[in-house]
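Chemist:
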Amino acid sequence: MDEEILRKILIARARAQNKKPFTVSVSGSSMEPILYEGERVTVLPQVAYEVGDILVYYYKQEGLLVHRLLKIRDSRYFCKGDNALRLEDVDREEIIGAVQLEQDPHRTREFIELSLDVNAVFRQTGYNRARTLQSETYQLYHAKYLRKEETT
């Protein structure tokens, strides 16, 4: 594992143990259009998390991820980036905290269900990204939630 990633993980875990808010910088596009590359977000460690929360957690060998909690089952947390296809199965111990946002228009039951449906299509296509992006389910999801408004 990259030393810089490990350092960030250790710092984040230390801060989480103190139950104090801290900031992280978003990397990548998996949470667009809610969070963008380079954006700094405040993370607050919590005792409990709810479906719809945007969590910061350590995921396998990938390091820290910032994705939305879509489902909780048998103390397992299932998260996915709003602009991603894969669903991650996360152990509660790996969760560092929840991102604090003033507004989150995607924190709705309809969005959560459609996001899970997109992942189901991804699995049904044998994890074929191109076929998933062409599906009616993904096209609806993209049109309703991911399309950026054109600016003039």
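Per the numbering used here, the sequence shown starts with residue 5, numbered consecutively. In this text, a Cβ means the ideal position worked out from N, Cα and C, and glycines have one as well.
Looking only at its chain, what residues have a beta carbon closer than 7 Å to the beta carbon of Phe-4, apart from the 5 residues adjacent to it on each side?
Modeler: Here the chain has residues from 5 to 156 only, and residue 4 is not among them.
Chemist: Does the separation of the CB atoms of Asp-86 and Arg-72 fall below 7 Å?
Modeler: A contact, by the Cβ cut-off of 7 Å.
Chemist: Note the first and the last residue of the continuous alpha helix (DSSP H) segment covering Tyr-145.
Modeler: Residues 140-145.
Chemist: Would you kindly work out how many angstroms separate the C-alpha atoms of Thr-27 and Leu-59, rounded to a whole number?
Modeler: Thr-27 and Leu-59: Cα-Cα distance of roughly 13 Å.
Chemist: Alpha carbon to alpha carbon, what distance is there between Tyr-81 and Arg-96?
Modeler: The straight-line gap from Cα to Cα measures roughly 7 Å.
Chemist: Is Asp-121 near Thr-136, with beta carbons less than 7 Å apart?
Modeler: The answer is no: Cβ separation not under 7 Å.
Chemist: Are the Cβ atoms of Tyr-63 and Ile-99 separated by less than 7 Å?
Modeler: Result no, Cβ atoms of Tyr-63 and Ile-99 do not sit closer than 7 Å.
Chemist: At which residue ranges does the stretch 44-119 contain complete beta strand (DSSP E) runs of 3 or more residues, listed in the order of the chain?
Modeler: Fully enclosed beta strand (DSSP E) runs of 3 or longer: 44-48, 58-63, 67-77, 80-84, 92-95 and 99-104.
Chemist: Are Leu-48 and Gly-101 touching if we call contact CB-CB under 7 Å?
Modeler: Yes. Within cutoff.
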